[in-house]
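Using numbering that gives the first Met the number 0, read the sequence shown as starting at 0 and increasing by one per residue.
Take a look at the structure below.
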Amino acid sequence: MPRHEEGHRLLISLAAVSLDTETTGLSVHSDRIVAVAAVPLVGTSIEAGACFERLVRPDIPIPESSTAIHGITDAAVSAAPLIAEVLPLLNDFCAEAVIVGHNTAFDIAVLRAESARCGAAWWNRPWLDVGLLTLALNPALGDAGLESSAGWLGVPVVGRHSALGDALLAAEIFVRLIPRLRDAGVRTLAEAQRFQETPTGALAMQRAAGWFSTPALPEPSRLTRAPATASLARIDSFPYRHRIANFVSTAPSFVPGDTAVVEAAALLHRGRGDPVLVVEPGPARRTGIFTERDLVAAVAERGETALRCKVIDYATLPLVSVDQGAFVYEALGRMQRLGINYLGVTDDQGHVVGVLSARRLFESRSTHAILIGDRIAAAGNARELAAAAEALPRLAHALFDEGVRAIEICAVISDVIRHLTARAAALAELVLVAAGAGPAPTPWCVLVLGSAGRGESMLVPDQDNALVYLGSHEHGPWFGRLAETMVAILDEAGIPYCKGEVMANNEVWRRNLAGWRDEIGRWARMESEASVAGINAFYDLEAVFGEPRIAAELRDIATRCILAQEVTLATVARAVARVAPPIGVFGRFKLTGSRLDLKGGALLPLVTAARVLGLHVGSSARATPDRFREAHVAGLLNGVELESLIAVHELLLDVLLKQQLRDLAHGRPASYAIDVAELDTPTAERLRRALRHLGEFLRRLPELRPRP
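Structure follows, in structure tokens:
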């Protein structure tokens, strides 16, 4: 795979600097800079109080015609520093940020020319031009001028033709452009770079002016990649491959809050330092934690008297917990952010089943894992969610470099998407409470569906979610508002709306428990045209926020409904059997355009077949390999078939995920179509065999069902 670049970064969380120069003229080769300014921004937040602004003394006179525009005279810059002194400061200020501006190519060309003359470095960075982006969105404007862009977007024009004034104006325009670009399907840096090339006439004029033919500069000695990228390139894959349950071996010790400290100390001693969990008296019955450090602090504070005190007086409440199914990286991130050494471990019902220590983790494997999961948990808005999630492609690339299998990488990506959805739901609830709508009127649960539910997500995110709540339909309006807010937050954070509208804001996918029971029954009886699509989307459900017991009950209802309707599963199986993988009789790939569609022609029918087999045997598994394994245990597949189908599935994930990383690295949108010319010969041959085998298996699928 090629070196991974930064084009996947989301505009909403993009670290950028709006830059502008004032010069002695319009020649990028011979004119000089007389002023430069830069304004930092992150996504839609402009940090106007932290600007960079310098006058620059050129080594040539400033023409009166130029002074008439920007007002800078020879006298004004007579004591100013030379460009050789300013460039290092500007480089440090811009750091690894993307450059934003108006006529940005001109400013960068002048900076490069000045660098070549004085020998000071100017590091190459990606750049965006607000004029070109505006013109691409609204060709009717006719020009890419700063005033035209500002006027269309309703931005007041202040301080025009000063470096700082124009930089601030360009920053404000860029902020106003971000939501409009998102509506146009432009979400990432790479997509914006491609989109700004749409106004070919404006670009042609810039090229004719020589803005793209400035002197070549030597490569800088300093790395131009962000520090986070460098750390990801050296990532330890351990915390992304192992789950918390593997590190909890003994049941915790619980004591009532009024237990004497001396008794708790005895438990600490018998448990060789393992902490004691303390149950708070009263109706809340919160759980706290009492550690050796707490014991030492108690004795240091009150001496022997402390031993007769209640342990609740020295325990830490509440106990911070993590689910036993979570990956290790989540626990590490939470411990580091909160500065704690212990976490409670909970089961699917939220009951504390163990305690996890930082020492236990680090004894198992020292790591400097990144904190994606915990950054999501701490995010307060969509921009912060996007900033946390944008590390996913870099993470996937680094994990591949570590030799991690594609299916394990997909599990990590799915885990992050689940966390994003959960946090969006939590933020949506806070929005409703702040708006005076009050808290949830009844218990509820948010579900993710599709690949995120199966643990098989890749780098083409979209929303597949649903919502279930207890109670009657009268609670529907509150949950409707919640769902609209939640999916909007996710869309803004870089998880786009589902094109098929499989989202909780669609009332088809938002019901009370009784309503879901009725709808699933209709699907199972094939009473709706949407029955097959509903079954294929719904049966991958995974609870991510709210009351998991509601999701568990819903899953049980769904499984019973489908088991009672064998004819429905047979209908789905026959529909899948009609899918022909994109491979010809003589082994030639059947391309769609210039690419091979591996979703509709291979991955989708394969996971659907696994779902059918799993439902045939009453399995609650959601991951495709697990469904095949349970079908094998039930006698529907022999051992050879099982291994071959799991191998086909993993190969499809591998080639697709690597293609998506290549596409993102080259500024192309990630998709489920691969460029077969980029496959090496052994991989291409393996893919041919896999597609042929898949076709044979799909044709046999209707026959694979339990015998009466």
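Even for Gly, the Cβ is constructed at its ideal location relative to N, Cα and C.
These figures come from a predicted structure and were not determined experimentally.
Item, Value
"Per DSSP, what are the beta-bridge partners of ASP128 in this structure?", "GLY100"
"Within a Cβ cutoff of 6 Å, which residues of the same chain sit near SER147, ignoring the five residues on either side of it in sequence?", "LEU140"
"Take ALA574 and list the residues in its own chain whose beta-carbon comes closer than 7 Å to its own, dropping the five residues that flank it on each side.", "VAL531"
"Could you spell out where the alpha helix (DSSP H) holding ALA14 opens and where it closes?", "Looking at the DSSP string, ALA14 is not in any alpha helix (DSSP H); the run it does join, the beta strand (DSSP E), is 14-22."
"Within its chain, find whatever has a CB closer than 6 Å to the CB of LEU81; leave out the 5 residues flanking it on each side and keep chain order.", "ARG56"
"In the DSSP assignment, find the unbroken alpha helix (DSSP H) run with THR682 in it and report its ends.", "680-699"
"Please identify the residue among SER618, ASP517, LEU384 whose C-alpha is closest to the C-alpha of ALA492.", "LEU384"
"Name the residue from ALA410, ALA529, MET525, LEU553 whose alpha carbon lies nearest to the alpha carbon of TYR728.", "Because the chain in this structure spans residues 0 to 707, residue 728 falls outside the shown range and cannot be described."
"Extract the residue ranges of the alpha helix (DSSP H) inside the stretch 19-69, only unbroken runs of 4 or more that lie entirely within it.", "63-69"
"Among residues of its own chain, excluding the 5 on either side of PHE544, which ones have a beta-carbon nearer than 6 Å to its beta-carbon?", "ALA421, ALA424, VAL445"
"Ignore the nearest five residues each way along the sequence and tell me which others in ALA305's own chain have a CB closer than 7 Å to its CB.", "VAL260, ALA297, VAL298"
"Roughly how far, in whole angstroms, is the beta-carbon of THR623 from the beta-carbon of ALA609, given that I think they are within contact range, below 8 Å?", "4 Å"
"Closer than 8 Å, CB to CB, is ILE534 near chain B or not?", "Among the protein chains of the structure shown there is no chain B, as only one such chain exists."
"On the three-state DSSP scale, how would you describe PRO476?", "helix"
"So for ILE673, helix, strand or coil by DSSP?", "strand"
"Is GLN658 closer than 8 Å to ASP679 when the C-beta atoms are compared?", "no"
"Only counting the same chain, and skipping five residues up and downstream in sequence, which positions put a Cβ closer than 7 Å to that of SER220?", "With a pLDDT of 30 at SER220, under the threshold of 50, the predicted position of this residue should be treated as unreliable, and no value is reported."
"Would LEU180 pass as a contact of LEU132 if the rule is Cβ separation under 8 Å?", "yes"
"Can you tell me which of PHE537, ARG111, ARG510, ASP165 puts its alpha carbon nearest to the alpha carbon of GLY144?", "ASP165"
"Taking the straight line between their C-alpha atoms, what separation do you get for HIS665 and GLU196?", "15 Å"
"Would you call ALA96 buried or exposed, if buried means 16 or more other Cβ atoms sit within 10 Å of its Cβ?", "buried"
"Leaving aside the five residues before and after GLY634 along the sequence, list all residues of the same chain whose C-beta is less than 6 Å from its C-beta, in chain order.", "none"
"Nearest to ASP322 by CA position, among VAL157, VAL459, ILE243, is which residue?", "ILE243"
"Which ranges would you report for the beta strand (DSSP E) in the stretch 483-547 if only whole runs of at least 3 residues count?", "509-511, 541-545"
"In terms of residue numbering, what span does the alpha helix (DSSP H) encompassing ASP322 cover?", "Here ASP322 belongs to no alpha helix (DSSP H); instead the beta strand (DSSP E) covers 320-322."
"Just to confirm, is the Cβ distance from TRP522 to ALA465 under 8 Å?", "no"
"With 16 as the cutoff for other CB atoms within 10 Å, does HIS367 come out buried or exposed?", "For HIS367, the pLDDT reaches just 34, beneath the cut-off of 50, and the residue's location in the model is therefore unreliable, leaving the point undetermined."
"Consult DSSP for GLU218 and reduce its assignment to one of helix, strand or coil.", "Below a pLDDT of 50, predicted positions are generally treated as unreliable, and GLU218, at 36, falls in that range; no measurement from the model is reported."
"State the start and end residues of the unbroken beta strand (DSSP E) segment that holds TRP151.", "Run containing TRP151: none in the beta strand (DSSP E); it sits in the alpha helix (DSSP H), 145-152."
"Hey, ARG704 and HIS615 are a contact pair by Cβ (cut 8 Å); roughly how many whole angstroms apart?", "5 Å"
"Hey, LEU652 and HIS396: beta-carbon distance below 8 Å or not?", "no"
"Spatial neighbours of VAL154 within its chain, please: CB distance less than 7 Å, with the 5 preceding and 5 following residues excluded, ordered by chain position.", "LEU168, GLU171, ILE172, ARG175"
"Can you tell me whether GLY256 is buried or exposed, with buried defined as 16 or more other CB within 10 angstroms of its CB?", "buried"
"With contact counted as at least three CB pairs below 8 Å, one residue from each stretch, are the stretch 343-359 and the stretch 394-410 in contact?", "no"
"Does the Cβ-Cβ distance between GLY372 and VAL403 come in under 8 Å?", "no"
"Quick check: GLY726 and LEU337, are their CB atoms within less than 8 Å of each other?", "Coverage of the chain is limited to positions 0 through 707, which leaves residue 726 absent and any answer about it impossible."
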